[in-house]
Amino acid sequence: MTESITKSRDGKFCPSPCSAHTRRSGRRAAATRQRGRRAASGWADCLAAKADRVRQLIAIYQDALGAAPGHLIGAAPRAALMTAGYCHEDPRVVADRGTELVAWYIEQQRERARLVWRDYDPATVPPDYQGYYARDQRLANGPHPGEPTPREVREEGTKFCVGTPAECVRFLKLYEAMGIEEVILLCAVGPARHEEVLHTLQLFGEQVIPHFHPSQPRAAVA
């Protein structure tokens, strides 16, 4: 797993520039296979998928690499995960503030689902998008009885990288075991304050990243 935070000369931890390789969103199985054959890169969005779904997408992506064109044979997998990030050393702060941030993220998902299809006539939705349309309509009309609360989502610890340093390490190791090697954390979004974002980056630099070792150098993909 590669990290996206570096230590500056004054000893502070700052976000690194994103790596140059192309990332692909693996939300459609067929598209994931096709794109995986063209470029040895993958991108799973944990904001829109559960752990089991990410595991499934990684498997599809890895299968696609096996059927890639000759110039990509033997290419090292490049899979990245994007998710919300918040870290604090006090479990009580995580329980309160972390839950607030998770609730905000979930509501933003609902709002996105409402806006994406707002001007579409359901009768004109292409057949291969009907599943996404139905999923988004259910999301937009939620929450529904029996769905986990934001606190329960945070406590489960598999959808958002929100927790104490130890909990964030467990979250990242879960996805590293699936084949994710780079994580894109969304820290400076929504109601998160500037000081909270800096504190999260500081804790990641000091107490989370040291638990991971950089991957072996990867060959360039033509």
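The sequence shown: position 31 = 19 (the working numbering), numbered continuously.
For each residue, glycine too, the CB sits at the ideal point set by N, CA and C.
A quick note: this is a predicted structure, and the numbers were derived from the prediction, not measured.
With a 10 Å radius around its C-beta and 16 neighbouring C-beta atoms as the bar for buried, classify residue i as buried or exposed.
| i | result |
| --- | --- |
| alanine 165 | exposed |
| tyrosine 163 | buried |
| glutamate 155 | buried |
| alanine 122 | exposed |
| leucine 103 | exposed |
| lysine 161 | exposed |
| methionine 109 | The displayed chain sequence assigns aspartate, not methionine, to residue 109. Its Cβ having fewer than 16 others within 10 Å, aspartate 109 is exposed. |
| aspartate 124 | buried |
| glutamate 144 | exposed |
| tyrosine 117 | exposed |
| glutamate 170 | buried |
Counting contacts by CB-CB distance shorter than 8 Å, is residue i in contact with chain C?
| i | result |
| --- | --- |
| arginine 41 | In the structure shown, chain C does not exist; there is a single protein chain. |
Do residue j and residue i come within 8 Å of each other at the CB atom, strictly closer than that value?
| i | j | result |
| --- | --- | --- |
| isoleucine 172 | alanine 67 | no |
| arginine 139 | threonine 71 | no |
| proline 179 | leucine 89 | yes |
| cysteine 75 | valine 196 | yes |
| threonine 188 | glycine 73 | yes |
With distances taken Cα to Cα, identify the nearest neighbour of residue i among the options.
| i | options | result |
| --- | --- | --- |
| glutamate 77 | Pro133, Gln125, His201 and Val150 | Val150 |
| isoleucine 94 | Val185, Gly54, Lys38 and Ala122 | Lys38 |
| tryptophan 92 | Leu69, Gln195, Ile197 and Arg142 | Arg142 |
| alanine 128 | Ala101, Arg41, Cys75 and Thr188 | Ala101 |
| leucine 69 | His182, Phe159, Thr137 and Arg181 | Phe159 |
Just the Cα atoms here: how many angstroms apart are residue i and residue j?
| i | j | result |
| --- | --- | --- |
| valine 185 | threonine 112 | 42 Å |
| alanine 83 | valine 157 | 17 Å |
| arginine 98 | histidine 201 | 36 Å |
| proline 153 | cysteine 175 | 15 Å |
| leucine 191 | alanine 52 | 36 Å |
| arginine 15 | leucine 45 | Interpretation of arginine 15 is limited by its pLDDT of 41, a score under 50 that renders its predicted location unreliable; the figure taken from the coordinates is listed afterwards. Those two C-alpha atoms are separated by around 8 Å. |
| glycine 193 | proline 115 | 46 Å |
| proline 79 | glycine 130 | 29 Å |
| aspartate 40 | phenylalanine 148 | 14 Å |
| aspartate 107 | glutamine 50 | 36 Å |
| glycine 134 | arginine 126 | 13 Å |
| glycine 119 | arginine 85 | 34 Å |
| proline 5 | glycine 54 | For proline 5, the predicted structure reports a pLDDT of 38, less than 50, and the residue's modelled location is therefore unreliable. A value from the coordinates is still provided. Cα-Cα distance, rounded: 30 Å. |
| arginine 181 | isoleucine 48 | 38 Å |
| proline 136 | glutamate 183 | 29 Å |
Checklist entry - Where in the region 112 to 193 do unbroken runs of the alpha helix (DSSP H), each at least 4 residues long, occur, reported from the N-terminal end onward? => result Runs found: 118 to 128, 138 to 144, 153 to 166 and 182 to 191.
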